[in-house]
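Here is the structure we will look at.
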Amino acid sequence: MSGLYIHIPYCERKCDYCAFYSISKPWKNEREFFQCLELDIEKAQARYPEFSPTTLFIGGGTPTATSFQCLETFLPTLGKFSPTEFSVEVNPGTVDEAQLSLLQKNGVNRLSIGVQSFDIQCLETLGRIHSAEEAEDAFRKARAVGFTNISLDLMFGVPGQTLEMLEADIERALQLDPEHISVYNLMYEEGTPIAARLDRLDEELEREMYDVLRNRLTGTGFEHYEISNFAKPGHECQHNLLYWTGGDYIGCGPSAHSHMHGTRWATVADLERYLAFYRTKPIPSVGPHEFEETLNAEAKDRETLVMGLRLLRGVKISSKVWNNHAAVFQTLEKEGLLVIEGHHIRLSDEALFVSNAVFSELV
Ligand code: SF4
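Per my numbering, residue 2 is the first one in the sequence shown, and the count goes up by one each step.
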């Protein structure tokens, strides 16, 4: 099992909370970027001839903000792969029926729609480019075109958001009847407008919001399978499961991360440097990377442990990992943050909201 992630670095406009690498309009070199992307993927296949991804994921940025013509030319080049899951991130403010049909015609079988909220005040605070109605419209159009596996992103902890506003968001999301819902606690990333402008909500209120989300979604047939992710049976995101289980994946496009057989690297988070690399003749066989490193066995074990603990089912650990971390495991268990069952460990329900603090004890 392996995955291919493709990062599209364009957005209509930058959201106020976003720290992902993307550039907002006006942008240039769009056609050249897609040509470079094809070369990037070919380069990855030349380096790993056995690479045959079982999942494809196009994210960003905003894949659906790019021109129809570029997508129409690029998507068929992925036809050489035979993934069981092919996801594309969709922004409700930049999608129409023609584009959704194009995605489906090219084998996309899962959409992840960035709704974030149905509340006008929250959408404005986040700096989103779409309305609640446009989000619902995008979902219905996707269904009409034939998509049967759709995920919605929701956000909680938005400045000014109340418990009632969040509950209304959940109900509106459930009315659409999606197969998957991701819920993210708003992060105040350094350098983002929202971090400079607004104070975060009270932590107890955020915890209560997380509990409300969990209870409502699990009470409606969703399985809570990862800290931020809920799925109807059989609809867990297979691509993201690769990340959480230490699987192999290659990321193409600026800022994309990769992990193959214990070696990991990140492509430069800079579109100009990315394009310049592919203008070089002959194109170097490796790069343009921010870094590349091969993890030693201990670092790999630690990473697999922390990523695996993101899953509610937890992880099975080897005797070696147990011996290296036994004291920390036992302390966390005493504090009620970890559940230990033989050589299998998982976060307790209480630890899910403070998972980063728990992980910091393990790295
Ligand atoms: S649309 Fe997505 S990637 Fe683009 S700025 Fe907003 S959150 Fe970031």
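Backbone N, C-alpha and C fix where the C-beta goes; we use that ideal spot for every residue, glycine too. None of the values given here were measured: they were computed from a predicted structure.
Could you check if residue i is buried or exposed, using at least 16 other CB atoms within 10 Å of its CB as the buried criterion?
i	result
ALA232	buried
ILE195	buried
GLY192	exposed
SER23	buried
GLU180	buried
SER259	buried
ASP212	exposed
PRO255	buried
PRO10	buried
Provide the residue span of the alpha helix (DSSP H) that contains residue i, from first to last.
i	result
ASN216	204 to 219
THR74	69 to 75
ASN230	Counting along the chain, ASN230 falls outside any alpha helix (DSSP H), though it belongs to the beta strand (DSSP E) covering 230 to 232.
GLU33	31 to 48
GLU227	Not the alpha helix (DSSP H): GLU227 falls in the beta strand (DSSP E), residues 224 to 227.
TRP323	320 to 335
ARG274	272 to 280
LEU339	That residue, LEU339, is in no alpha helix (DSSP H); its beta strand (DSSP E) goes 339 to 342.
HIS240	239 to 245
Return the first residue and the last residue of the beta strand (DSSP E) that residue i is part of.
i	result
SER113	111 to 117
HIS382	In the structure as shown, the chain starts at 2 and stops at 364, and residue 382 therefore has no counterpart that could be examined.
HIS181	181 to 186
ASP17	Neither: ASP17 is in no beta strand (DSSP E) and is coded neither H nor E.
TYR6	3 to 9
TYR250	249 to 253
TRP266	264 to 268
ARG347	345 to 348
GLU86	86 to 91
LEU199	Neither: LEU199 is in no beta strand (DSSP E) and is coded neither H nor E.
THR56	56 to 61
Between residue i and the ligand SF4, is the CB less than 8 Å from at least one heavy atom?
i	result
CYS123	no
TYR185	no
THR332	no
THR63	yes
GLU31	no
GLU191	no
PHE21	yes
GLY158	no
PHE13	Residue identity differs from the one stated: residue 13 is Glu in this sequence, not Phe. Yes.
CYS16	yes
GLY309	no
ARG1	Summary: the structure shown does not reach residue 1, with the chain confined to residues 2 through 364, and so no result is reported for it.
GLY115	yes
SER88	no
SER349	no
SER132	no
ASN110	no
SER25	yes
ASN216	no
ASN230	no
ASN357	no
Contact defined as beta carbons within less than 8 Å: I believe residue i pairs with residue j. What is the distance between those atoms, to the nearest angstrom?
i	j	result
GLY4	THR74	No, GLY4 and THR74 are not in contact; Cβ-Cβ is about 23 Å, not under 8 Å.
GLU1	VAL269	In this structure the chain extends from 2 to 364, so residue 1 is not present and cannot be described.
GLY161	GLN117	The pair is not a contact, with the Cβ atoms about 14 Å apart (cut-off 8 Å).
ILE151	SER356	Their Cβ separation, rounded to whole angstroms, is 26 Å, which puts ILE151 and SER356 out of contact at 8 Å.
ASN107	LEU76	4 Å
VAL307	LEU353	VAL307 to LEU353, Cβ: 14 Å. No contact.
ILE251	PHE52	6 Å
Only counting the same chain, and skipping five residues up and downstream in sequence, which positions put a Cβ closer than 6 Å to that of residue i?
i	result
GLY1	Outside the displayed span of the chain (2 to 364) sits residue 1, for which this structure offers no information.
PRO285	none
THR85	THR55
MET2	THR55 and GLY248
LEU338	SER349, ALA352 and VAL359
PHE119	ALA133, ASP170 and ARG173
PHE58	TYR6, SER88 and HIS240
ALA257	TYR6, HIS8 and THR268
Given residue i, which residues of its chain have a CB within under 7 Å of its CB, disregarding the five upstream and five downstream residues?
i	result
THR65	VAL91, ASN92, THR95, VAL96 and GLN100
VAL146	GLU98, LEU101, SER102 and GLN105
TYR189	ILE195, ALA196 and ARG201
PHE223	ILE182, PHE231, ALA232 and LYS233
PHE330	LEU339, ILE341 and ILE346
Please list, in chain order, all residues of the same chain as residue i whose beta carbon is under 8 Å from its beta carbon, the five residues on each side excluded.
i	result
LEU296	GLY263, THR264, ARG265 and GLU304
ARG14	SER25, LYS26, GLY128 and ILE130
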